[in-house]
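Before any comments, here is the structure.
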Amino acid sequence: MSNSKRDTEEEVLGPLVEVEWKFKLDKTIYREYLTMEQYENLKEIPIVKYCKIIDEKRY
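As numbered in the numbering used here, the sequence shown has no gaps in its residue numbers, which increase by one up to the final residue, 1208.
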């Protein structure tokens, strides 16, 4: 991915953070880059057992 495309993506979406979460009754732990808005929304979902920021995305 070119630098200009990454810059545009970050300008539109905002900074990305690496998030780890687990759903209740699920053994799988998920990890993905999300926007802060997505992270805030995810941690409010009742079926999410835990949700935490692991790291900020660095380009």
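In this text, a Cβ means the ideal position worked out from N, Cα and C, and glycines have one as well. Source: prediction; values computed, not measured.
Just the C-alpha distance for residue i and residue j, rounded to the nearest angstrom, thanks.
{"i": "Y1182", "j": "I1196", "result": "20 Å"}
{"i": "P1164", "j": "L1174", "result": "31 Å"}
{"i": "I1203", "j": "Y1188", "result": "11 Å"}
{"i": "K1201", "j": "I1178", "result": "11 Å"}
{"i": "K1192", "j": "E1167", "result": "13 Å"}
{"i": "K1171", "j": "K1198", "result": "6 Å"}
{"i": "E1186", "j": "E1169", "result": "15 Å"}
{"i": "K1176", "j": "E1160", "result": "35 Å"}
The beta strand (DSSP E) with residue i in it runs from where to where?
{"i": "L1191", "result": "Segment M1185 to K1192 is the alpha helix (DSSP H) holding L1191; no beta strand (DSSP E) there."}
Under the DSSP definition of a beta bridge, which residues are partnered with residue i?
{"i": "K1265", "result": "Because the chain here runs from 1150 to 1208, residue 1265 falls outside it and cannot be looked at."}
{"i": "C1166", "result": "Inspection of the sequence shows that residue 1166 is occupied by Val rather than by Cys. Its beta-bridge partners are L1183 and E1205."}
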